[in-house]
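What follows is one structure encoded as structure tokens, with my remarks underneath.
2 protein chains.
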Amino acid sequence: MRLEKINLLEKFEQLPGGNYAVGVVAKMNDYEFKIVRFKGDFVWHRHPETDETFILLEGTLVMNFRDRTVEVHAGEMIVVPKGVEHKPSSGNGYKALLIEPAGVLNTGDIQGEMTLQRIEWV
Amino acid sequence: MRLEKINLLEKFEQLPGGNYAVGVVAKMNDYEFKIVRFKGDFVWHRHPETDETFILLEGTLVMNFRDRTVEVHAGEMIVVPKGVEHKPSSGNGYKALLIEPAGVLNTGDIQGEMTLQRIEWV
Numbered sequence: 001m002r003l004e005k006i007n008l009l010e011k012f013e014q015l016p017g018g019n020y021a022v023g024v025v026a027k028m029n030d031y032e033f034k035i036v037r038f039k040g041d042f043v044w045h046r047h048p049e050t051d052e053t054f055i056l057l058e059g060t061l062v063m064n065f066r067d068r069t070v071e072v073h074a075g076e077m078i079v080v081p082k083g084v085e086h087k088p089s090s091g092n093g094y095k096a097l098l099i100e101p102a103g104v105l106n107t108g109d110i111q112g113e114m115t116l117q118r119i120e121w122v
Numbered sequence: 123m124r125l126e127k128i129n130l131l132e133k134f135e136q137l138p139g140g141n142y143a144v145g146v147v148a149k150m151n152d153y154e155f156k157i158v159r160f161k162g163d164f165v166w167h168r169h170p171e172t173d174e175t176f177i178l179l180e181g182t183l184v185m186n187f188r189d190r191t192v193e194v195h196a197g198e199m200i201v202v203p204k205g206v207e208h209k210p211s212s213g214n215g216y217k218a219l220l221i222e223p224a225g226v227l228n229t230g231d232i233q234g235e236m237t238l239q240r241i242e243w244v
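Following this line, the structure appears as structure tokens:
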């Protein structure tokens with residue numbers, strides 16, 4: 001039982017460097033809350049089994065869908081529906097809170113060099 | 123399918139007035155994201171079936187547990203574990219994002235004047 005509060009921006013100080021870093025900060029039932037720092041172009045992928053939520057904490061996430069693009073800024077959130085192809089991008093980088101069931105692969109149905117086999121708690 | 127982004131603080135403008143107001147802003151699988159504005163003392167209750175997450179957007183939530191008190195400020199989050207008695211309080215008020223499975227009663231195992239039988243989308 002973990003009754004501590006979590007300061008989201010402070011948790012980012014525990015992530016490794018680079019353009020892409022992810023860490024688990026909390027669990028709610030069988031869902032995980034992950035902090036994500038990202039800059040650049042991710043890969044097109046979909047999560048066939050689940051919706052996925054991004055809450056922006058800093059910067060701007062450009063969420064590309066096949067038929068539109070949505071710019072998500074700090075203080076905004078977006079739910080990517082189950083099975084919908086998407087590609088997160090960010091020219092200047094963003095920090096976000098990601099919420100999805102534990103065990104969901106970061107690159108969904110695609111496996112490649114961006115795929116993380118394991119995400120540590122921070 | 124809802125691919126729009128959601129600006130959390132702007133959504134509060136659509137809530138009714140008073141010391142306690144709640145509205146649903148998004149759904150992820152069978153979970154709901156609700157915005158909550160609260161000032162005062164809530165009631166002691168527990169959710170026997172689920173964890174419950176609060177992400178603070180403005181102000182301070184004083185989360186009372188039977189054996190401790192945790193002050194949660196803007197930019198911080200807390201997961202209240204399933205079955206654990208808690209009483210949210212706030213002297214100056216807070217705005218938060220609440221995440222839990224759809225259909226969870228706001229007062230958990232207690233029914234009284236604070237109980238909301240229905241929460242609208244905003």
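Chains as they are written, first to last, in this note's numbering: chain A, 1 to 122; chain B, 123 to 244.
Virtual Cβ for every residue (Gly too), placed ideally from N, Cα, C.
Please look up how many angstroms separate the CB atoms of residue i and residue j, rounded, as I've assumed it's under 8 Å.
| i | j | result |
| --- | --- | --- |
| Leu-61 (chain A) | Leu-9 (chain A) | The Cβ separation is near 16 Å, so there is no contact. |
| Phe-42 (chain A) | Lys-87 (chain A) | 6 Å |
| Trp-44 (chain A) | Glu-85 (chain A) | 6 Å |
Just to confirm before moving on: does the CB-CB distance between residue i and residue j stay below 8 Å?
| i | j | result |
| --- | --- | --- |
| Asp-231 (chain B) | Arg-188 (chain B) | no |
| Glu-32 (chain A) | Ala-102 (chain A) | yes |
| Val-244 (chain B) | Leu-137 (chain B) | yes |
| Val-146 (chain B) | Lys-156 (chain B) | yes |
| Glu-174 (chain B) | Val-202 (chain B) | yes |
At least one CB of chain B closer than 8 Å to the CB of residue i: is that the case?
| i | result |
| --- | --- |
| Thr-50 (chain A) | yes |
| Gly-75 (chain A) | yes |
| Phe-12 (chain A) | no |
| Asn-64 (chain A) | no |
Under 9 Å between beta-carbons, which chain A residues line up against residue i? List them in chain order, please.
| i | result |
| --- | --- |
| Leu-130 (chain B) | Ile-55, Gly-75, Glu-76, Met-77 |
Return no unless some Cβ of chain A is closer than 8 Å to the Cβ of residue i.
| i | result |
| --- | --- |
| Lys-127 (chain B) | yes |
Along chain A, which residues have their Cβ under 8 Å away from the Cβ of residue i?
| i | result |
| --- | --- |
| Arg-190 (chain B) | Leu-3 |
| Ile-221 (chain B) | Met-28, Ile-99 |
For residue i, I'd like the list of residues in its chain whose CB is within less than 7 Å of its CB, leaving aside the five on either flank, ordered along the chain.
| i | result |
| --- | --- |
| Glu-76 (chain A) | Leu-56 |
| Phe-176 (chain B) | Leu-183, Val-194, Met-199, Ile-200, Ala-218, Leu-220 |
| Gly-59 (chain A) | Ala-74, Ser-90, Asn-92, Gly-93, Tyr-94, Lys-95 |
Output, in chain order, the set of chain B residues within a Cβ distance shorter than 7 Å of residue i.
| i | result |
| --- | --- |
| Val-72 (chain A) | Lys-127 |
Less than 8 Å between C-beta atoms, sequence neighbours within five positions excluded: which residues of the same chain meet that for residue i?
| i | result |
| --- | --- |
| Gln-111 (chain A) | Leu-105 |
| Thr-50 (chain A) | Lys-82, Glu-100, Pro-101, Val-104 |
| Glu-242 (chain B) | Gly-145, Val-146 |
| Thr-191 (chain B) | Val-184, Met-185 |
| Ala-148 (chain B) | Arg-124, Ile-128, Glu-154, Phe-155 |
To which residues of the same chain is residue i closer than 6 Å at the C-beta, ignoring the five residues directly before and after it?
| i | result |
| --- | --- |
| Leu-238 (chain B) | Asn-228 |
| Val-158 (chain B) | Val-144, Ala-218, Leu-220 |
Nearer than 7 Å: is that true of the beta carbon of residue i relative to any heavy atom of the ligand GTP?
| i | result |
| --- | --- |
| Asn-151 (chain B) | Judged by which ligands are present, the structure shown has none, so any question about the ligand GTP falls away. |
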